[in-house]
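> Sharing a structure below in structure tokens format, with a few things to ask.
Protein chains: 2
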Amino acid sequence: MSEKVLRFLDEQRPATPCLVVDLDVVGDKYRRLTKALPLGEVFYAVKANPAQEVLARLAQLGASFDTASTGEIAQVLALGVAPEKISFGNTIKKQADIAWAHARGITLYAFDSEAELEKLAAAAPGAQVFCRILIDGEGALWPLNRKFGCEPRMAANLLVRARDLGLAPYGVSFHVGSQQMQPEQWDAAIAAAKGVFRQVAEAGIDLQMIDLGGGFPATYNAPVSAIDAYGDAIMAAMTKHFGNDLPRMLLEPGRYMVGDAGVLEAEVVLISNKSYDEDRRWVYLDIGRFGGLAEVEGEGIRYRIRPVRKMKGKDGPVVLAGPTCDSADILYDKANYQMPRDLRIGDRVRIFSTGAYTTTYSAVNFNGFEPLKAYYI
Amino acid sequence: MSEKVLRFLDEQRPATPCLVVDLDVVGDKYRRLTKALPLGEVFYAVKANPAQEVLARLAQLGASFDTASTGEIAQVLALGVAPEKISFGNTIKKQADIAWAHARGITLYAFDSEAELEKLAAAAPGAQVFCRILIDGEGALWPLNRKFGCEPRMAANLLVRARDLGLAPYGVSFHVGSQQMQPEQWDAAIAAAKGVFRQVAEAGIDLQMIDLGGGFPATYNAPVSAIDAYGDAIMAAMTKHFGNDLPRMLLEPGRYMVGDAGVLEAEVVLISNKSYDEDRRWVYLDIGRFGGLAEVEGEGIRYRIRPVRKMKGKDGPVVLAGPTCDSADILYDKANYQMPRDLRIGDRVRIFSTGAYTTTYSAVNFNGFEPLKAYYI
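Right under this line is the structure:
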């Protein structure tokens, strides 16, 4: 918990809903991760929170950046970050966007299909390319699926094809799933990546990089392992599968880096019951799924939510919902949230670890509500 | 299908993704609905598409407006619409927002709980209030749930309480579910509303209005009944339950009014296979769930999607996905979409009936992508 954020909220009482992010926590997370995995190079996943203040703080600490679009690349370059420290990590890119990035000196690109390779060969000749492989993200709370990556056998063939197209086959990437609760999940993924290294070596290609993805957790309502446990598990798997011949190791933390740095303050707009027989209250906040809390979809990500005012008495069951006229705008229904029975309309609540995947998910103007406002301190 | 929109897209070739809305179709839908239900008063659900051009066209035709927030109210008032033609239809309102609306002459307010009534009594004394009742939205493709409304017995008690608080108990509302495919679903809801009329009459209260909600469909990939069938079913149910003593009848169409008026044009960014064993292609567009197509969640709303270029040969199975690095950004996976095998990267596709619930659902800047651009012609 950031004292600085709580003091800011207490003293400034900004209009709700709003997010406050402590940049020192971001810096602290960066230092912890690099200490837990000294051989890893941090490519911050800009999409998690692309605020200029966050990017500047991380750039200052020496981070590199994983980007999803020309918009994100432009933002990072504008901070004076060297293009070699930027990865165009989206496997789905328009050829015109690849050309745009190439013209600005971006050298590192992700792909997972032959068609994407052909675009890269045409628009970024000679670029370093790495292939994303499909693995199953067991143990992740925001599980990935088959949208990204290809089977390892295909990856090996595509990396050979990359060479034939005049590109530099550079490495392999994977993602074990966002908010991955099990550090041991990296082992099988690293083994699969090593398999690709081995196969392409037979074709005379010496891959130099493994991108270990993100997945490092923020702190929601269940305890997570310390980042050191992730570092230990990953290094153990790396030496198990690669021995002493370790490739360059990239990390793409997003949620881990900014999630815990943010606290969202919201107001209780309404508390009601639907019928005389139901004990469970409906608590409506002035933020919902379309105002920034999109990740509550499926109720996998369970934020800690606490009232600001000290409350006496017991908790009782609630459904938590957002302020829009959209019936899908419910935060937690099945997750059995409890809130104090003393909670009243007008009370403020704090939603913790909301620094990642909130501000930019926010809808432009749904139901006439403004996008989420954020302060970076 | 609007010839005007297709001509605009063919001639202008605007950058993708973009939405083009034909205002004449909006006007046509308005006229058809008022013809199908001459006794109904149309309160357009602004949230479906709050573009100034849409609101202005409907205002000119004499429509009233159902609003969700002070932002929407301000927008409608700015067009010169009289405050009596505006309903503050969100059952979840901050007291300060009620006071704001009351100061601007808004007289009609929705509620579904005692706490909301108390806010209304404090901030909008004397206002006309109507209570939303819970019904089950069987047959709807974007089903509502228990987020809005209370049981009818509670509604009757709350309407009596409204009078005691110095408010004017005015009517009952319900919503049969958005994109409601079964016109007969109104019958049970109207019966329940009539029950509330009867109960409060015993307390000497003469309710004057029934708000029949929205639910009137747009045309997605399954045939829908003509709007006349909805009009007929509703009038049959009204006369069945209310006889000749018909109250004022409000309608809140949103999707129906603007959905079919819009065509979204997008570009194919990538076509790929995940493995050598899989016939199904992954087709990635430059628009996805976070760029405006939020309603594909759960794959209930199935848009018609067609390539612009004439294609020869057969169709084959596809997964359709968006351009972001978010694995949840998949449009259709389980819905068994087919696209021509001849489809290529760079092809443009048109997504039909996308005039409702697209632009404002769009995320502000997710993954560095701009919000959906729209043209109103």
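First to last, the protein sequences are chains A and B. If you count the first sequence from 1, position 151 lands on 151 in my numbering, and the numbers rise without skipping. Take the position in the second sequence, starting the count at 1, then add 1000; the result is the number in my numbering. Built from N, CA and C at the ideal position, the CB exists for glycine as well.
How should Ser275 of chain A be labelled, buried or exposed, when 16 other C-beta atoms within 10 angstroms of its C-beta is the threshold for buried?
Classification for Ser275 of chain A: exposed.
> Under the three-state reduction of DSSP, which class applies to Glu278 of chain A: helix, strand or coil?
Three-state DSSP puts Glu278 of chain A in coil, outside helix and strand.
> Less than 8 Å between CB atoms is the rule here; does Pro1247 of chain B satisfy it with respect to chain A?
Chain A, which has no Cβ nearer than 8 Å to the Cβ of Pro1247 of chain B, makes this no.
> Measure from the C-beta of Leu55 of chain A to each C-beta in chain B and report whether the shortest distance is under 8 Å.
It does not; no Cβ of chain B falls within 8 Å.
> Would you kindly work out how many angstroms separate the C-alpha atoms of Lys240 of chain A and Ala82 of chain A, rounded to a whole number?
Cα to Cα, Lys240 of chain A sits roughly 34 Å from Ala82 of chain A.
> Check the Cβ-Cβ distances between Glu1299 of chain B and every residue of chain A, and say whether any is below 8 Å.
Not closer than 8 Å to any Cβ of chain A, the Cβ of Glu1299 of chain B fails to qualify, so no.
> Under a CB-based cut-off of 8 Å, is Thr360 of chain A close to chain B?
At least one chain B Cβ lies under 8 Å of Thr360 of chain A.
> Taking 8 Å as the threshold (beta carbon to beta carbon), is Tyr276 of chain A in contact with chain B?
Judged by the 8 Å Cβ criterion, Tyr276 of chain A is in contact with chain B.
> Taking Cβ positions, are Met238 of chain A and Val283 of chain A nearer each other than 8 Å?
No. Outside cutoff.
> According to DSSP, is Asp206 of chain A part of a helix, a strand, or is it coil?
In this structure, Asp206 of chain A counts as coil in the three-state DSSP scheme.
> Beta-carbon within less than 7 Å of Tyr30 of chain A's beta-carbon, same chain only, minus the 5 sequence neighbours each way: which residues are those?
Val42, Leu58, Leu61, Ala63, Met257.
> Please list the terminal residues of the continuous alpha helix (DSSP H) segment that includes Met257 of chain A.
From DSSP, the alpha helix (DSSP H) with Met257 of chain A extends over 255 to 258.
> Who are the neighbours of Asn1365 of chain B on chain A, taking C-beta pairs under 8 Å?
The answer, in chain order, is Pro50, Gly71, Thr360.
> For Arg1397 of chain B and Ile1271 of chain B, which I take to be in contact (beta-carbon distance under 8 Å), what is that distance rounded to the nearest angstrom?
The structure shown does not extend to residue 1397 of chain B, since chain B is modelled only from 1001 to 1377, so the question has no answer here.
> Would you list, in chain order, the members of the segment 1170 to 1184 of chain B that have their beta-carbon closer than 9 Å to a beta-carbon of chain A?
Here the close residues are His1175, Gly1177, Ser1178.
> Can you find a C-beta in chain A that's less than 8 Å from the C-beta of Met1209 of chain B?
Met1209 of chain B does not count as touching chain A.
> Note down, in chain order, each residue of its chain lying with its Cβ closer than 8 Å to the Cβ of Leu1023 of chain B, except the 5 sequence neighbours on either side.
So the qualifying residues of the chain are Glu1053, Val1054, Arg1057, Ala1261, Tyr1376, Ile1377.
> At a CB distance below 8 Å, what residues from the segment 147 to 171 of chain A approach chain C? Give them in sequence order.
Here the protein chains are A and B, and chain C is not one of them.
> State the DSSP-derived secondary structure class of Met1181 of chain B, mapped to helix, strand or coil.
Met1181 of chain B falls in the coil class under three-state DSSP.
> Using only alpha-carbon positions, find the residue among A:Pro253, A:Val269, A:Asn221 that is nearest to Ser353 of chain A.
Nearest C-alpha to Ser353 of chain A: A:Asn221.
> Do Pro253 of chain A and Tyr44 of chain A come within 8 Å of each other at the CB atom, strictly closer than that value?
In contact: Tyr44 of chain A and Pro253 of chain A (Cβ atoms closer than 8 Å).
> Compare the C-alpha of Ser378 of chain A against each of B:Ala1036, B:Thr1034, B:Phe1366, B:Ala1168 and name the closest.
Outside the modelled stretch of chain A, which goes from 1 to 377, sits residue 378 of chain A, for which no answer is possible.
> At what residues does the alpha helix (DSSP H) containing Val25 of chain A begin and finish?
That run of the alpha helix (DSSP H) goes 23 to 36.
> Nearest chain A C-beta to Glu1011 of chain B closer than 8 Å, yes or no?
False, the Cβ-Cβ gap to chain A never drops below 8 Å.
> Check whether the Cβ atoms of Asp1329 of chain B and Ala1321 of chain B lie closer than 8 Å to each other.
Their beta carbons are under 8 Å apart, which means Asp1329 of chain B touches Ala1321 of chain B by this criterion.
> Near Ala1036 of chain B, what residues of its chain come up, given a Cβ to Cβ distance below 7 Å and the 5 sequence neighbours on each side ignored?
Within the same chain, Ala1036 of chain B has close Cβ partners Ile1227, Asp1228, Tyr1230, Gly1231.
> May I have a chain-ordered list of the beta strand (DSSP E) segments no shorter than 3 residues that lie completely inside the segment 1045 to 1121 of chain B?
Runs of the beta strand (DSSP E) inside the segment 1045 to 1121 of chain B: 1064 to 1067, 1086 to 1088, 1108 to 1111.
> Please state the DSSP three-state secondary structure of Pro152 of chain A.
Helix, per DSSP.
> Would the beta-carbon of Val1349 of chain B fall within 8 Å of that of Val1318 of chain B?
Contact: no.
> Is Gly171 of chain A closer than 8 Å to Ile210 of chain A when the C-beta atoms are compared?
Going by C-beta atoms, Ile210 of chain A is nearer than 8 Å to Gly171 of chain A.
> Rounded to whole angstroms, what's the CA-CA distance from Thr1359 of chain B to Pro1371 of chain B? Just pull it up for me.
Taking the straight line joining both Cα atoms gives about 8 Å.
> May I ask you to report which of helix, strand or coil DSSP gives Ile287 of chain A?
Ile287 of chain A falls in the coil class under three-state DSSP.
> Taking only beta-carbon atoms, is Asn1145 of chain B less than 8 Å away from chain A?
Yes, Asn1145 of chain B counts as interfacial toward chain A.
> Straight-line CA distance for Val46 of chain A to Lys1147 of chain B?
Their backbone Cα atoms lie some 34 Å apart in a straight line.
> As a quick exercise: from A:Met181, A:Cys325, A:Gly213, pick the residue whose alpha carbon is nearest that of Ala193 of chain A.
Cα-wise, what sits closest to Ala193 of chain A is A:Gly213.
> Quick one: what's got a C-beta closer than 6 Å to Leu1264 of chain B's C-beta in the same chain, skipping five residues either side?
The residues are Leu1019, Ile1351, Thr1354.
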